[in-house]
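Protein chains: 2
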Amino acid sequence: MPRAIVAVEDVNAWEREADVVVVGLGCAGAAAVLEATAAGAEVVALERASGGGGTSANSGGVIYLGGGTAVQRACGFEDSPEEMFKYLMAASGPAPDEAKIRVFSEDSVAHYEWFVRQGVPFKAVFYPHYSGEPPTDDGLVYSGSENAYPFDEIARPAPRGHVPQIPGQAGGLLMQKLLAAVEASGAEIVTDAHCQQLVVDADGAVVGVVVRVDGEMRTIRARGGVVLCAGGFVNNKEMLERHAPELLQCKYRVGTTFDDGSGIRLGMAAGGEAIHMGYGSISLPIVPPKKLQKGILVNGHGVRFINEDAYFGRVGEHAVYRQDGVAYLILDAETFDRPDVEREIAGVGESIAELETELNLPSGSLQSTLELYNRHAEQGNDPLFHKSADWLVPLSHPPYGALDCTTANSLYAVFTLGGLRTSIDGEVLTPDGDAVKGLYAAGRTTSGIAAPGYASGVSIGDGTFFGRRAGAGAARRARA
Amino acid sequence: MPRAIVAVEDVNAWEREADVVVVGLGCAGAAAVLEATAAGAEVVALERASGGGGTSANSGGVIYLGGGTAVQRACGFEDSPEEMFKYLMAASGPAPDEAKIRVFSEDSVAHYEWFVRQGVPFKAVFYPHYSGEPPTDDGLVYSGSENAYPFDEIARPAPRGHVPQIPGQAGGLLMQKLLAAVEASGAEIVTDAHCQQLVVDADGAVVGVVVRVDGEMRTIRARGGVVLCAGGFVNNKEMLERHAPELLQCKYRVGTTFDDGSGIRLGMAAGGEAIHMGYGSISLPIVPPKKLQKGILVNGHGVRFINEDAYFGRVGEHAVYRQDGVAYLILDAETFDRPDVEREIAGVGESIAELETELNLPSGSLQSTLELYNRHAEQGNDPLFHKSADWLVPLSHPPYGALDCTTANSLYAVFTLGGLRTSIDGEVLTPDGDAVKGLYAAGRTTSGIAAPGYASGVSIGDGTFFGRRAGAGAARRARA
């Protein structure tokens, strides 16, 4: 790959001009195209694959929306921008981006309505059986830890996972609708097109791109701006080693082959700062069935480390970042059930002592943990981790068993959350906080709202939300 | 501050020329100057403060050296480059830089001899009473977790903390000697000089600097290269928020006011990649006196989380990254001693149950933890965390007490470990792995060997080691 930036004086001729060039047609890129064309801009969209969709199309399709959407209201849930803001501020890592979370929460109802206008259908039925994408075509789920400790005490819980109306994985339907809108928008879509360089002028402003199409390098001038929506870097092993090495131990990487960090690297080469690059979304789905939350998760020291009813994104992060990827779900004869996500049985025993030995846990450790847990569970409380009373029963019916939840032997689904630093209008920012003129970004090419404490739907939520703002910004700049 | 890079055509005239320009005169910069001048280069060294020294001069002065130095041999310790390599590979985070650790270990004896040649004195006496910088003028200490689990099983333990011969903090003496050598080297030293811009040519090569001296902007051409040794970013709150937010909760930031990330930002602006930016060295010194290791550290759930004889860098990292900054050191009447680093008493009780209540720990949690710990300690083992038998006694003599080791109420000493990605020759690398021509860096402006698992002395160790290589590289390039 050539150097990621090229000076405008080294470009012989522009083979194409447009107001806005969008790089990548996942959900963020589609949103950027739609907003830019809606503002009257002439748009060229470049997609490396043979068709749009990206990782969004292979996802569960959950969109984090709230503040009192039509679906929330129809399902009988009260929500407000303020409660949504409070939850996201508490659940989005140690340095939440307050400005982004503020505007994302305040304008979330309007963003929901935008999806409806693009033809995305939502069935106003709440799916209560577990959190995350439902197997049914129901439109609303809990997709974070809103109703689990400590978040249930920080903000009034409300489900905010909005799911397009189709049974199972809904990302395909979501992107089908958004891409149909893109087709109808008048934007020119170029597939199998790999943006390899940003063209910069003497002031460092981005004025176009060099893109490889059918083996040929082509130049496109962008009068208003270039919007990078090229995904994250979970499928770039070297970048993971340099920025998020903990994720390397996880088996299932959520992304296409093009989630190789190319958008982030283009932005960095043009002077953008990549931030929060160590953050990942790490899901350890111990449920469904939800009954399995009645078990307890222990680490390699035989010690509990989290409330088992926390959202699977939070559980996975804690297991990887804090427990070195070692976790077992301990169950008894009454609480055992076959997990939907297949997991090996790491050990069984007629007694906890036997199970402890089977798992090679320190002598007495699991017995001590269980003794304390059971004593509290009998009284219906969990003073250590505040698991909801719904899932508190003593584990006292032999035989006992442990499901293997180690990163070595089980499924953890991961993708990267770090990326280019952007303003709330999608402008790529330098380390000094200045905008790189003519350069915008959104989705997992950026560091958005998503951070440790990940809730499903935040990526599609912030990708589309700030993708729209980036597209609008680039279109405004073309007019100016 | 102006834009961090400027094109060479915008520079009206060079007011000064040199082979090598070194930015920052802490230990890394001093090493770069010494090696470049030794290679015959004309060197200008720029220092923002009124004199050299930087954070190195305020440090303990421990230098991580090994593989069989004269001091190690005189003190009766066997060591080899291979054992040093094995320890550092195991103790330097999830993605250790193997190439750097290899050369750092292999050439460590020669690096020790270089210090001696610069006039740094070492007394060949081992200080056994605790790890980290000694209060005496002894020259050798354990400064990592070499002799603690699990590292003692991975590599043959040897102390590698080499300390210049002066009682107490030795960083001042170290820098006095290195700066005297710099003075004698013939390099021009400019103090109160703030490097604000790198000058780049049309190919992106760094060809000089713009530096602010006495309120005036001055230009200096660098024929061979610019070496950035301007420290880390622990005193830049905004950069911490964006890159290492966990460190914000820690009270004592190890650094000068100039550890504001300016070197890293200059390098990024010139196309360098900053990596491992979330990493910090986080020290929680629960000892001396070493007797306090007989206590147990518990988190906010009343649960143990580490072997208390691990090095204080490892203890601090675990407390902050994994326990949300909540830790208490539990002691009984026999194990209590006054800690050298003042700590508040968080609670006392005639029984463990009473102490548990005092600390607001979950009911039964501390009692359960103590019961298990004491049972094992009576048999002289610690199957959970493998603390050495030397520190294993049951805690059973009332009254009981807890020293406050929370980040909120006690001292954690932190500095940043992330920075520019460099080759083993100190060249600054782009995201694609190419060298930015004419740009070198070392010390905490770079991501070096130091990573989670920090051992004292690694920063001065890798700063001087790769600082020398960077200075040599820039000098070579001037000759070419």
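Read top to bottom, the protein sequences are chains F and V.
For the first sequence, our numbering begins at 1 and goes up steadily by one.
For the second sequence, our numbering begins at 1 and goes up steadily by one.
Note that beta-carbon positions come from the ideal geometry of N, C-alpha and C, so glycine has one too.
Just so it is clear, the structure is predicted and the values come from calculations on it, not from any experiment.
For chain F, find out if any of its Cβ atoms is closer than 8 Å to the Cβ of residue i; answer yes or no.
| i | result |
| --- | --- |
| V/His194 | no |
| V/Arg481 | Here chain V comprises residues numbered 1 to 480, so residue 481 of chain V is not present and cannot be evaluated. |
| V/Ser92 | no |
| V/Val303 | yes |
| V/Pro383 | yes |
| V/Ser365 | yes |
| V/His243 | yes |
| V/Ser368 | yes |
| V/Met1 | Only weak support exists for where V/Met1 lies, its pLDDT of 41 falling under 50; the coordinates are left without a value. |
| V/Leu420 | no |
| V/Pro150 | no |
| V/Ala30 | no |
Checking contacts by CB at 8 Å: is residue i closer than that to chain V?
| i | result |
| --- | --- |
| F/Thr456 | Checking the sequence, you will find Ser at residue 456 of chain F rather than Thr. Judged by the 8 Å Cβ criterion, F/Ser456 is not in contact with chain V. |
| F/Ile352 | no |
| F/Glu17 | no |
| F/Arg212 | no |
| F/Ile449 | no |
| F/Asp432 | yes |
| F/Glu188 | no |
| F/Arg444 | no |
| F/Tyr252 | no |
| F/Glu273 | yes |
| F/Gly67 | no |
| F/Gly278 | yes |
Should residue i be counted as a contact of the ligand ADP given a C-beta to heavy atom distance under 7 Å?
| i | result |
| --- | --- |
| F/Ile101 | Although the ligand ADP was asked about, the structure shown includes no ligands whatsoever. |
Rounded to whole angstroms, what is the Cα-Cα separation between residue i and residue j?
| i | j | result |
| --- | --- | --- |
| V/Leu46 | F/Leu240 | 35 Å |
| F/Val428 | V/Gly349 | 56 Å |
| V/Ala274 | F/Gly168 | 40 Å |
| F/Ser351 | V/Gly300 | 29 Å |
| V/Cys27 | F/Asp324 | 34 Å |
| F/Ile154 | F/Ala148 | 10 Å |
| F/Asp220 | F/Gln197 | It should be noted that the sequence gives Ile, not Asp, for residue 220 of chain F. The alpha-carbon atoms of F/Ile220 and F/Gln197 are separated by roughly 11 Å. |
| V/Ser185 | V/Pro289 | 42 Å |
| V/Val226 | V/Gly263 | 11 Å |
| V/Thr335 | V/Ser105 | 38 Å |
| V/Val414 | F/Phe415 | 29 Å |
| F/Arg242 | V/Gly419 | 11 Å |
| F/Val393 | F/Leu140 | 29 Å |
| F/Ile286 | V/Cys250 | 34 Å |
| V/Arg469 | V/Val182 | 16 Å |
| V/Leu228 | F/Ala472 | 39 Å |
| F/Val326 | F/Gln72 | 37 Å |
| V/Phe115 | V/Leu331 | 42 Å |
| F/Arg476 | F/Glu188 | 19 Å |
For residue i, which residues does DSSP report across the bridge?
| i | result |
| --- | --- |
| F/Phe415 | F/Ser281 |
| V/Ala319 | V/Ala319 is not bridged to any residue. |
| V/Leu429 | V/Ala435 |
| F/Gly473 | Beta-bridge pairing links F/Gly473 to no other residue. |
| F/Val20 | F/Val43, F/Gly225 |
| V/Met217 | V/Arg212 |
| V/Phe122 | V/Pro164 |
| F/Leu420 | F/Ala274, F/Thr446 |
| F/Arg253 | F/Val414 |
| V/Gln197 | V/Val210 |
Assuming residue i contacts residue j under a Cβ cut-off of 8 Å, what Cβ separation, rounded to an integer in Å, is found between them?
| i | j | result |
| --- | --- | --- |
| F/Gly60 | F/Ser456 | 6 Å |
| F/Gln165 | F/Pro135 | F/Gln165 to F/Pro135, Cβ: 13 Å. No contact. |
| F/Leu411 | F/Leu329 | Wrong, their Cβ atoms sit about 13 Å apart, outside the cutoff. |
| F/Trp124 | F/Cys75 | First, the amino acid is wrong: residue 124 of chain F is Ala here, not Trp. So it is a contact: roughly 6 Å between Cβ atoms. |
| F/Glu11 | F/Val199 | In the sequence as presented, Glu is not what sits at residue 11 of chain F; that position holds Val. Contact holds; Cβ gap of about 6 Å. |
| F/Phe85 | F/Ala158 | Not really, about 12 Å apart at Cβ, beyond 8 Å. |
| F/Val43 | F/Val22 | 6 Å |
| F/Val303 | F/Ser365 | 7 Å |
| F/Asp79 | F/Gly93 | With a Cβ gap of about 22 Å, F/Asp79 and F/Gly93 do not count as contacting. |
Worksheet entry | Completely contained beta strand (DSSP E) runs for the stretch 126-195 of chain V, where each covers 3 or more residues | 188-190
Item to complete: Mind listing, in chain order, the continuous alpha helix (DSSP H) runs of no fewer than 4 residues lying wholly within the stretch 333-411 of chain F?
Response: Counting whole runs of 4 or more residues, the stretch 333-411 of chain F contains the alpha helix (DSSP H) stretches 352-358, 365-378.
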